[in-house]
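J.: The following block contains the structure, expressed as structure tokens.
Residue numbers (my numbering), protein chains in the order written: chain Y, 1 to 285; chain V, 286 to 657.
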């Protein structure tokens, strides 16, 4: 038995290692690339023997892209800031709108409530290109094109349905009796929402917010069409690395490392909530 | 303390009527038990009174004040839920304190209030535990403590003993009436357990399919149940029921059971020439020596002790089952043939077609008016 369980442990370790390697290797490789110059990256055959350099990161931070042909101005840090600002603001707005809406959909079955909830969800089904063309025309008329406000508004197409539907499930899982008990104890509906419903749905709200953040962060097409260079997030900004004198793999890699770092850190920090939160809602529902 | 009155209260969910035109009054300081099978609408009725759901029709008065449009938090009721409904993210102390944190009480006052009620319910040693760490019995007491903490004049208890084990239920059944009396509140107590209903209620309202079938004192419900169903629900062992036909001769109204004439008083005259169901409580049947006038021969099948009673299952000559109950410790035949007599003053007779008691139980209705 002792021996078997030891073997089991080893096998399990190997299996886990394989999974980790499979998922983490690209990230690891990108990290290595970010420390190399374009020449060492494009070597054939590839090798992990190289002189690490921080020149890629330096180029990104100073905003001067040195290629073999010329020196280019890029504004990666601006893109990074745009990503952070757009994602945080979009998720904050979506939480502000979506959590109370989710509560209403969970607790009050009014005429057409299912239809409205489903319509909101259906925004996720539609290909973004479908809405982009009319939207860009409207936005130009309304003066919303190339503004943070306009982008945050459009990002609600990504964040709001996600938050609404995940959080709604959480609110539905809370026994109405628990809320009734607080009401009967003499508290208003609003303080019941604040003191009972919100804390109990907390893990779900955190998970939904995190997911929405990642989706918003990864969005490409909305910002590509609706924003100009100084409002674009990293996903679009990375296009600048495809230059006339070739693709700047080193800088791209460094940019990727810098742009995934916030979401990665956030996911690592919140992974407990994320897994627990998402599965709890599913199992109990 | 406060009074409660319901007038024609009706609640529908979609097309289904779950509370159907319920009217009742509860006097100041009274304990009314709402009794009925599950799905009868007891819980919904409590929620209507608490104000967490609104009725489609009818009015609810607390202290003669119409509660229409009055939110739950302003009704001054305390409520204990069947599933306890404790706040999972707060410890027992904060749970119990929740009715106390509303007004402008100081921390010390809240603390004193919680500790007082916790002591009363013997949970003062677990106040720092979260609901997850409490045993079922402690949860039940915490939920009761929360309902009592604000000293509400009107207390709604929704089957609070349903989810606790038998031993605790027995203890609480003895403790609760004293506790409720000490509280001095008007109490509505929901239960499915007829013993609990009998032990706790000054009056019992029997609810079935959203309607009140009968309201009366425990004796009225037991001795003159309005319907066959109520007769069947109250009493352990269950009432003996026999299909009979009402008859009349020069001596008055009677029915026949095993060729024996059982006289009924004139108030039951409506059963004459109708198919009827005769109800005989097991304790109104007595074993007698052979040849007693009017005795019925039976064959004893089995005997079981039931709490403080001994219950005998016997068969009449016609092959009908009969339950006979006598106090523990009294002698009686245990096997073979025996003879019984029936206390004819305690006979119940119901209309077979409708299930209604042939004696219109006007008595309990007039009592209700007096109580109101």
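Even glycine gets a Cβ: it sits at the ideal position worked out from N, Cα and C.
1. If you measure from the beta carbon of residue 205/Y to each beta carbon in chain B, is any gap under 8 Å?
2. Where does the unbroken beta strand (DSSP E) through residue 572/V begin, and where does it stop?
3. In this structure, how does DSSP classify residue 36/Y when only helix, strand and coil are distinguished?
4. Hey, residue 528/V and residue 583/V: beta-carbon distance below 8 Å or not?
5. With DSSP as the reference, identify every bridge partner of residue 474/V, one or two as the case may be.
6. Can you find a heavy atom of the ligand NAP that lies under 7 Å from the Cβ of residue 493/V?
7. My output table needs one value for residue 218/Y: the three-state DSSP class, helix, strand or coil.
8. How would you write the range of the alpha helix (DSSP H) that residue 313/V sits in, first residue to last?
9. When DSSP labels each residue in this structure, what does residue 18/Y get in the three-state scheme?
10. Counting C-beta neighbours from all protein chains within 10 Å, is the total for residue 228/Y 16 or more, i.e. buried, or is it exposed?
11. Hey, how far is the Cα of residue 649/V from the Cα of residue 479/V?
12. Quick check on residue 104/Y - is its C-beta less than 8 Å from some C-beta in chain V?
13. Taking all protein chains shown into account, decide if residue 248/Y is buried (16 or more other Cβ within 10 angstroms of its Cβ) or exposed.
14. How would you write the range of the alpha helix (DSSP H) that residue 163/Y sits in, first residue to last?
15. For residue 485/V and residue 316/V, which I take to be in contact (beta-carbon distance under 8 Å), what is that distance rounded to the nearest angstrom?
16. Is the shortest distance between the beta-carbon of residue 186/Y and the beta-carbons of chain V less than 8 Å?
17. Can you round the beta-carbon distance between residue 233/Y and residue 83/Y to whole angstroms, since I take them to be within the 8 Å contact cut?
18. Evaluate the contact criterion for the region 88–103 of chain Y versus the region 150–157 of chain Y: three or more CB pairs, one atom per stretch, below 8 Å.
19. What residues in its chain sit with their C-beta under 6 Å from that of residue 495/V, if we drop five residues either side in the sequence?
20. Less than 8 Å separating the beta-carbons of residue 319/V and residue 363/V?
21. Just curious, the beta strand (DSSP E) that residue 548/V is in, first and last residue?
22. Which value, in whole angstroms, describes the spacing of the CA atoms of residue 488/V and residue 570/V?
23. Assess, as a yes-or-no matter, whether the region 213–221 of chain Y is touched by the region 360–374 of chain V under the definition of 3 or more beta carbon pairs within less than 8 Å.
24. Any idea what DSSP makes of residue 282/Y, helix, strand or coil?
25. Please go through the same chain and pick out, in chain order, the residues whose beta-carbon is closer than 8 Å to the beta-carbon of residue 335/V, but skip the five residues on each side of it.
26. Tell me which residue opens and which closes the alpha helix (DSSP H) that residue 394/V is part of.
27. How is residue 560/V classed by DSSP in three states: helix, strand or coil?
28. Using a Cβ cut-off of 8 Å (strictly closer), state whether residue 280/Y contacts chain V.
29. When you compare each of 598/V, 352/V, 454/V to residue 422/V by their alpha carbons, which one comes out closest?
30. For residue 430/V, which residues from the same chain have a beta carbon less than 7 Å from its beta carbon, with the 5 sequence-adjacent residues on both sides left out?
31. Under a three-way DSSP split, which group does residue 533/V fall into?
32. Out of 629/V, 353/V, 347/V, 331/V, which has the shortest C-alpha to C-alpha gap to residue 341/V?
33. So, at 7 Å on beta carbons, what are the nonlocal neighbours of residue 161/Y in its own chain, with the 5 sequence-adjacent residues on each side left out?
34. On the criterion of 16 or more Cβ atoms from any shown chain inside 10 Å, does residue 398/V qualify as buried, or is it exposed?
35. For the beta strand (DSSP E) that contains residue 610/V, what are its first and last residues?
36. Helix, strand or coil for residue 265/Y, going by three-state DSSP, please let me know.
T.: The answer reads as follows:
1. Absent from the structure: chain B. Protein chains present are Y and V.
2. Note, residue 572/V: beta strand (DSSP E), 570–573.
3. In the structure shown, residue 36/Y sits in coil (DSSP, three-state: anything other than H, G, I, E or B).
4. Cβ distance not < 8 Å, so residue 528/V and residue 583/V don't count as in contact.
5. According to DSSP, which records beta bridges pairwise, residue 474/V is partnered with 318/V, 442/V.
6. Only the bare structure without any ligand can be found here, which leaves the ligand NAP out of the picture.
7. Of the three classes helix, strand and coil, the one that applies to residue 218/Y here is helix, per DSSP.
8. Where residue 313/V is concerned, there is no enclosing alpha helix (DSSP H), because DSSP gives it neither an H nor an E.
9. Looking at residue 18/Y - three-state DSSP - the assignment turns out to be helix.
10. Counting the other CB atoms within 10 Å of its CB gives residue 228/Y a total below 16, which places it among the exposed residues.
11. Low per-residue confidence applies at residue 649/V: pLDDT is 44, beneath 50, and the placement is therefore not dependable enough to give any value.
12. No, its Cβ sits nowhere closer than 8 Å to a Cβ of chain V.
13. Buried, since its Cβ has 16 or more Cβ neighbours within 10 Å.
14. Here the alpha helix (DSSP H) through residue 163/Y covers 148–173.
15. With 8 Å as the limit, residue 485/V and residue 316/V qualify as a contact, their Cβ atoms being about 6 Å apart.
16. Answer yes: the Cβ-Cβ gap between residue 186/Y and chain V drops below 8 Å somewhere.
17. The Cβ separation is near 4 Å, so the contact holds.
18. Contact holds: three or more Cβ-Cβ distances are below 8 Å.
19. Only 302, 303, 304, 305, 326 meet the Cβ criterion.
20. Contact flag unset, no.
21. Unbroken beta strand (DSSP E) run through residue 548/V: 545–549.
22. Between residue 488/V and residue 570/V, the C-alpha separation is close to 27 Å.
23. Result no; under three Cβ-Cβ pairs closer than 8 Å.
24. For residue 282/Y, the predicted model reports a pLDDT of 40, less than 50, meaning its position is unreliable and no value from the coordinates is stated.
25. Closer than 8 Å at Cβ, skipping near neighbours: 357, 360, 362, 364, 441.
26. Per DSSP, the continuous alpha helix (DSSP H) segment holding residue 394/V begins and ends at 392–405.
27. DSSP, read as helix, strand or coil, puts residue 560/V in strand.
28. With a pLDDT of 49 at residue 280/Y, under the threshold of 50, the modelled position of this residue cannot be trusted; read the value that follows with caution. Answer no: the Cβ-Cβ gap between residue 280/Y and chain V never drops below 8 Å.
29. Nearest C-alpha to residue 422/V: 454/V.
30. Answer for residue 430/V: 381, 402, 403, 406, 408, listed in chain order.
31. Looking at residue 533/V - three-state DSSP - the assignment turns out to be strand.
32. Taking only the C-alpha atoms, the option nearest residue 341/V is 353/V.
33. Hits under 7 Å: 120, 121, 123, 124.
34. The residue in question, residue 398/V, is buried, as its Cβ has 16 or more Cβ neighbours within 10 Å.
35. If you look at residue 610/V, you'll find it in the beta strand (DSSP E) that goes 606–612.
36. Residue 265/Y: helix per DSSP, three-state reduction.
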